[in-house]
Every structure is written in C-alpha cells, then in structure tokens.
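Asker: According to our numbering, the sequence shown is numbered sequentially starting from 13. First, the structure itself, so that you have it in front of you.
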Amino acid sequence: MTDFNEVHGWASLSGYKTFKFHLSGENRKVEEKILKFSALEIIDQQVPANTYVKGLRFNAFAVAHIRVSPMTVVWNRKRLSSQRRHMFVLVNKGTVQLRGDATTAIAPEGGVGVVFSGSSSAVIEITSDTEMAFFSFDQNEIRPLAFSSAEVGNIRTDSPIFRAAYAYICGVVDSPDDQDVGSSQVLRELTREVARALALEASSVAPVMDTVAHARQVIERRYRAIAFTPGDVADEIGLSRRSLERACADQDISLADELRARRTSHARHLLPERPHLPLSEIASLSGFSSVEVMRRAFWRFYGESPSTIRKNPVATAESDALHSAD
Numbered sequence: 013m014t015d016f017n018e019v020h021g022w023a024s025l026s027g028y029k030t031f032k033f034h035l036s037g038e039n040r041k042v043e044e045k046i047l048k049f050s051a052l053e054i055i056d057q058q059v060p061a062n063t064y065v066k067g068l069r070f071n072a073f074a075v076a077h078i079r080v081s082p083m084t085v086v087w088n089r090k091r092l093s094s095q096r097r098h099m100f101v102l103v104n105k106g107t108v109q110l111r112g113d114a115t116t117a118i119a120p121e122g123g124v125g126v127v128f129s130g131s132s133s134a135v136i137e138i139t140s141d142t143e144m145a146f147f148s149f150d151q152n153e154i155r156p157l158a159f160s161s162a163e164v165g166n167i168r169t170d171s172p173i174f175r176a177a178y179a180y181i182c183g184v185v186d187s188p189d190d191q192d193v194g195s196s197q198v199l200r201e202l203t204r205e206v207a208r209a210l211a212l213e214a215s216s217v218a219p220v221m222d223t224v225a226h227a228r229q230v231i232e233r234r235y236r237a238i239a240f241t242p243g244d245v246a247d248e249i250g251l252s253r254r255s256l257e258r259a260c261a262d263q264d265i266s267l268a269d270e271l272r273a274r275r276t277s278h279a280r281h282l283l284p285e286r287p288h289l290p291l292s293e294i295a296s297l298s299g300f301s302s303v304e305v306m307r308r309a310f311w312r313f314y315g316e317s318p319s320t321i322r323k324n325p326v327a328t329a330e331s332d333a334l335h336s337a338d
C-alpha cells in the first residue's frame, strides 16, 4: 500500500497504486493525510469518527469503496485537474446528500449522484452510517461523449450498469500494487470503459434527447465494430440516413466524421498503452477496416501518423487536451 506522501507522483507512474486507511476517534494525523490525498476538507464529523476506505488510483481515474459514519466534506476544486473531473457517488446503504451548483442529489437510503466537471465547490453530506463507492475520472477520458447536468435526468438506482460498476469498484480496490506495464494498461483500459458506461447510462435517462446527442450515444456504444457505419446509426435511432445527416448538418456536424473521430481517439489511446501490438491490431480494435484507413484518419485529426504518435504520446495527449477545451 502506498504512503499518502507519494500521491502527487501519480502522473509519472507507469502503473497504478492502491491505498487504504482507517480513521477512528480523533486521529488528526490520519485526517490531515486524507485531506492532502483527496483535496477534500472535512467541515463536520461525528465523534468518535469511524471511516474505512480502500481505493485505487491512476493519474486520470480514482475509485474507492468507503464505509463511513456521519460526516460532511467539501470538494473545493481549486486545482485545474479537479475541475476537469466528474465524480459518481454510488450509495449502497445509507443517506448522502450532494449540494452545490455542479451536483445532483442522491435519493435517501441509497442511490446514485453525480458531481460534474467545473470549478464550483461540491458539498458531500453523509447523514447516517453509510457504505458507498466513489468513481472520479477526467472528462477527457470519455471523449467525445458529452456529459453535463443538462443531459442527465433522474437516475434509476436499480440500473444493472450501476450495480455492475459498484461491484467492479469493490473488487478492483483489492488489487495489489502493480507496476507491470501490461497489467496496468489492461486495468486502466477496463476502468476507462466503466467510466464511459456510467456516463452513457446516466445520459441515457435524460427525459429529452436531441437527435444528434442520440446519434453520438449510439456511436459510443458501437464504434469498435468494423462493419458499423453511419447507416447503422440511423437504423438504430429509427431514422433514414438522409434525415439523420440533415439533423447533423443543422449543427455543422458530419455523422461520418463523428464515427471516424471516435475510432481515431480510441486508437490514439491504445498506441502508447499497448506498445507491442501491431498497427493492424490497433486498427481492428478501434473499428478501422485497415491500417491505411486508420493512418488517413490520424493525419486528418492529429496531423501525424500513428507511428509518430506512438513514439511521442505525451505531446499528442497535450494536444488532445487542448482540443477538448476549445
């Protein structure tokens, strides 16, 4: 298990780190480590306190399984990295309320809440003995999926996606620390897919969804199938391809470009994470019909070849982040 003094070195680590702590009584030393680690400020807590946390973190993801007595904390989000993050709060048992402009409330006695990316503070008020899971991730990890409070309705607490995500979090936090590049890359990709699944499930329950948003969700679910085409997007939505492309054109969007961009983004993540895979397999895993089709897409969206990006992934990631902020 990692020491809390190491937490600011996550970005330089090739693998992931697990952590755990038990806060009981009035142990201020442990409390100070919690605050340094999480950027959360405890503003009120039951005495004696009783909190048990097990978690795992990459630089872009953090998951934790928590059992906690009544406590109120605030996430000030002064760091830019915090402002880019979404957080899901999955409550299995207990009562939690989320307050602040960037939050949705959790139903009493269990449920799901979301803290969206942004600079406003979020208050997490735990009003009874509670068991829950946190999942925080950088918004860039689920691109091009758009995810905001305007697109999320009343989240169903009986959703199999949320139940599966909760089970995944509880299981993965028991993983041993691992700096094996292959193992950490696979786990990181799996964690990213869980983040996307949560965002998709939360977005899909919005009461009203425009046609383009619906098309993007279909693309997000199906883009890795090589035979999947813009025509298939239209079929799944229940529109003619002409009608769907007209709706996209009204928002200056090309349906084919949306599908191509999603595949290219996925391939861009795979290149540095799986350095031993041949380009043909990267193309196949990302939904491209050939290496040449993938290469043309990379030149269009990134201005570089896949081989160049694989050799210099940091510069490309920075460029990707800049584009996402435009």
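Just so it is clear, CB atoms sit at the ideal spot from N, CA and C, and this is done for glycine as well.
Taking the alpha-carbon of Arg322 as reference, which of Leu289, Gly299, Met99 has the nearest alpha-carbon?
Answerer: Here residue 322 is taken as the residue at index 310 of the sequence shown, counted from 1. Looking at the Cα atoms, Leu289 is the closest of the given residues.
Asker: What did DSSP end up calling Ile54 once you bin it into helix, strand or coil?
Answerer: In the sequence shown, the residue the question calls residue 54 occupies position 42. If DSSP states are grouped into helix, strand and coil, Ile54 belongs with the strands.
Asker: Using the Cα positions of Tyr235 and Arg275, report the straight-line distance between them to the nearest angstrom.
Answerer: If you number the sequence shown from 1, residue 235 lands on position 223. If you number the sequence shown from 1, residue 275 lands on position 263. Distance between the alpha carbons of Tyr235 and Arg275 is about 6 Å.
Asker: Within its chain, find whatever has a CB closer than 8 Å to the CB of Ser317; leave out the 5 residues flanking it on each side and keep chain order.
Answerer: Mapped onto the sequence shown, residue 317 falls at position 305. Answer for Ser317: Arg307, Phe310, Trp311, listed in chain order.
Asker: By Cβ distance, which residues of its chain are closer than 6 Å to Leu52, with the 5 residues on each side in sequence left out?
Answerer: As a first step, residue 52 is located in the sequence shown; it is residue number 40 there, counting from the start. Closer than 6 Å at the Cβ level, and outside the excluded window around Leu52, lie Val85, Trp87.
Asker: With H, G and I counted as helix, E and B as strand and the rest as coil, what does DSSP make of Arg236?
Answerer: The residue given as residue 236 occupies position 224 in the sequence shown. Coil, per DSSP.
Asker: Just the Cα atoms here: how many angstroms apart are Ala145 and His226?
Answerer: Residue 145 sits at position 133 when you count from the first residue of the sequence shown. Residue 226 sits at position 214 when you count from the first residue of the sequence shown. Computed Cα separation, rounded: 29 Å.
Asker: Would you mind sorting Val220 into buried or exposed? The rule is 16 or more other CB atoms within 10 Å of its CB.
Answerer: As a first step, residue 220 is located in the sequence shown; it is residue number 208 there, counting from the start. Bear in mind that the predicted position of Val220 carries a pLDDT of just 43, short of 50, making it unreliable; the figure below should be weighed with that in mind. Answer is exposed; the Cβ neighbour count stays below 16.
Asker: Does the Cβ of Arg155 have 16 or more other Cβ atoms within 10 Å, making it buried, or fewer, making it exposed?
Answerer: Taking the first residue of the sequence shown as 1, we reach residue 155 at position 143. By the neighbour-count rule (16 or more Cβ atoms within 10 Å), Arg155 is buried.
Asker: Report the residue ranges of all alpha helix (DSSP H) runs contained in full by the segment 267-309; include only those spanning at least 4 residues, in chain order.
Answerer: Qualifying alpha helix (DSSP H) stretches, in chain order: 267-285, 291-297.
Asker: Could you give the first and the last residue of the continuous beta strand (DSSP E) run that contains Thr84?
Answerer: On the sequence shown, residue 84 is found 72 positions in, with the first residue counted as 1. Its beta strand (DSSP E) spans residues 83-87.
Asker: Identify whether Val59 lies in helix, strand or coil by the three-state DSSP scheme.
Answerer: Numbered from its first residue, the sequence shown carries residue 59 at position 47. The answer is coil: DSSP assigns Val59 none of H, G, I, E or B.
Asker: Thinking C-alpha only, which one of Leu282, Arg79, Asp186, Ala214 is nearest Ser171?
Answerer: Residue mapping note: residue 171 aligns to position 159 of the sequence shown, counting from 1. Ser171 has its Cα closest to that of Ala214, out of Leu282, Arg79, Asp186, Ala214.
Asker: For Glu125 and Leu35, I'd like the C-alpha separation in whole angstroms.
Answerer: Here residue 125 refers to the residue found at position 113 when the sequence shown is read from its first residue. Here residue 35 refers to the residue found at position 23 when the sequence shown is read from its first residue. Inspection of the sequence shows that residue 125 is occupied by Gly rather than by Glu. Cα to Cα, Gly125 sits roughly 24 Å from Leu35.
Asker: Identify the continuous alpha helix (DSSP H) that holds Gln151 and give its terminal residues.
Answerer: Taking the sequence shown and counting its residues from 1, one reaches residue 151 at position 139. Run containing Gln151: none; DSSP gives neither H nor E here.
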